[in-house]
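Remarks on the structure that follows.
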Amino acid sequence: MAARKKPTLDRRRVVAEILKQRGDALVVVGLGAPTWDTAAAGDSPLNFYTWGGMGGAAMIGLGLALAQPKRRVLIITGDGELLMGLGSLATIAVQRPRNLALIVMDNERYGETGMQDTHTRFGVDLAGMAKAASFRASGTVYSAAQLKNWIPRLHRQAGPVFCDIKVAIQPAPMVLPARDGPTLRNRFREALLGAGEAYR
Amino acid sequence: MQSSGAGNCINMLGMVNECRVPLLALVTMRGHWGEFNPWQVPMSQATVPSLEAIGVVVHKVDRAAEVGDIVAAAARLAFNTCRMVAVLISQRIVGAKEFK
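Going down the list, the protein sequences come from chains A and B.
Heads up, the first sequence stops at 1675 in this note's numbering, and the numbers go up one at a time, no gaps.
Heads up, the second sequence stops at 147 in this note's numbering, and the numbers go up one at a time, no gaps.
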């Protein structure tokens, strides 16, 4: 397993930097801290926050990427959430969506249940798994310089792209977006498809 | 585990049931007492029926003072009779998760 370094990046800044350049990308967000981070970066109806269904964010993103091949789809989730659905890496790699980037905010902890260590804390290498599954690009980011290099790739490189971003454990204040499921679904569909199509 | 995680276990519990493996599960409930997150409610409602449907004996505990007795009884039942037993610990005991 990979040598371990201490994660130092500030998760709020990382997500804000990535989303600054999102354009009209569709963003699927894993439950917990990635949801608070994404809401803190600025709410958008094109953000689909999952408040439950742990382990499912990557597959929701894959479905969306296949259904909307002209739109960039970003999945922003946590290490614990992805670890609960690791088979997603193989499924995405086989489908090979060119428009999909899977971004993991990896603090090596289960933040929402009391900061218990996840497997990445012991060196499990998610980017290595994505690479082995045959994602077109895969890497791990520890520094601001690496992040700067990766941001354009997240938005433009032919996918599937995987990026594990190691972030510090310092908690940030909760920023809560809408949580009612039908509200999140309807506003997302309306922003993507227009009101005429969204409610048919 | 948490009640939402219980939902992820159902198929594997079929194996445990078939092989009569003693199993004691301590499940803290989400999605009822004072819950804030609506996404937790469906699995909360489904926890008892889905555990029972796959063959788990379910004990519920609503008061902190009773946790010890009920867990001890559940452990005896599980290991003496080779059954799956879950103790569902109310969100009233552990406290609703704070979203702030």
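Cβ coordinates follow ideal geometry from the N, Cα and C atoms, glycine included.
Nearest Cα to K107/B within the set I117/B, S91/B and E99/B: I117/B. Under the 8 Å Cβ criterion, the segment 1575-1587 of chain A counts as touching the segment 1546-1564 of chain A, having at least three qualifying pairs.
Of all residues in the segment 82-108 of chain B, those with a C-beta nearer than 7 Å to a C-beta of chain A are N84, P85, W86 and Q87, reading in chain order. Contact annotation: V132/B and A125/B have beta-carbon atoms nearer than 8 Å.
DSSP, reduced to helix, strand and coil, places G1614/A within a strand of the structure shown.
In this chain, the beta strand (DSSP E) harbouring I1551/A covers V1548 to G1553. Proximity of the segment 1599-1609 of chain A to the segment 1655-1668 of chain A falls short of the contact definition, fewer than three beta-carbon pairs being nearer than 8 Å.
Distance check between Q1645/A and each of K1606/A, P1572/A and D1485/A places D1485/A closest, using alpha-carbon atoms only. Sequence-ordered contacts of the segment 1519-1533 of chain A with chain B read T1525, W1526, G1527, G1528, M1529 and G1530 [C-beta pairs closer than 8 Å]. When DSSP states are grouped into helix, strand and coil, T1588/A belongs to the helix group. Taking CB atoms only, S51/B has a neighbour in chain A less than 8 Å away. As the crow flies, the alpha-carbon of C129/B is around 4 Å from that of P69/B. Ranked by Cα distance from G1614/A, the first of R1596/A, V1579/A, H1630/A and A1643/A is V1579/A. At a cut-off of 8 Å, the C-beta of L1501/A has no neighbouring C-beta in chain B. At a cut-off of 8 Å, the C-beta of D1639/A has no neighbouring C-beta in chain B. Non-local beta-carbon contacts of T1595/A in its own chain, meaning distances under 7 Å to residues more than five positions away in sequence, involve D1554, D1581, E1583 and L1601 in chain order. The closest CA to that of M48/B, considering only T75/B, M62/B and I57/B, is found on T75/B. Where T75/B is concerned, the enclosing beta strand (DSSP E) starts and stops at L70 to T75. Contacts with chain B at 8 Å (Cβ-Cβ) include R1654/A. Rounded to whole angstroms, L1549/A and G1562/A show a C-alpha spacing of 18 Å. Beta-bridge pairing by DSSP links I1640/A to M1580/A and V1616/A.
In the assembly as shown, C1638/A is a buried residue. Its beta-carbon has 16 or more other beta-carbons within 10 Å. Counting C-beta atoms within 10 angstroms of its own C-beta, N58/B has fewer than 16 neighbours from the protein chains shown and is therefore classed as exposed. The straight-line gap separating the alpha-carbon atoms of A1633/A and R1573/A is approximately 5 Å. Inter-residue distance for P1509/A and N1624/A is about 21 Å (C-alpha atoms, whole angstroms). A contact between stretches requires three or more CB pairs, one per stretch, nearer than 8 Å, and the segment 1604-1612 of chain A fails this requirement with the segment 1510-1523 of chain A.
With contacts defined as CB atoms closer than 8 Å, V114/B and V105/B fail to qualify as a contacting pair.
In the structure shown, K1480/A falls within a coil segment according to DSSP collapsed to helix, strand and coil. In this structure, the beta-carbon distance from G1527/A to Q87/B falls below 8 Å.
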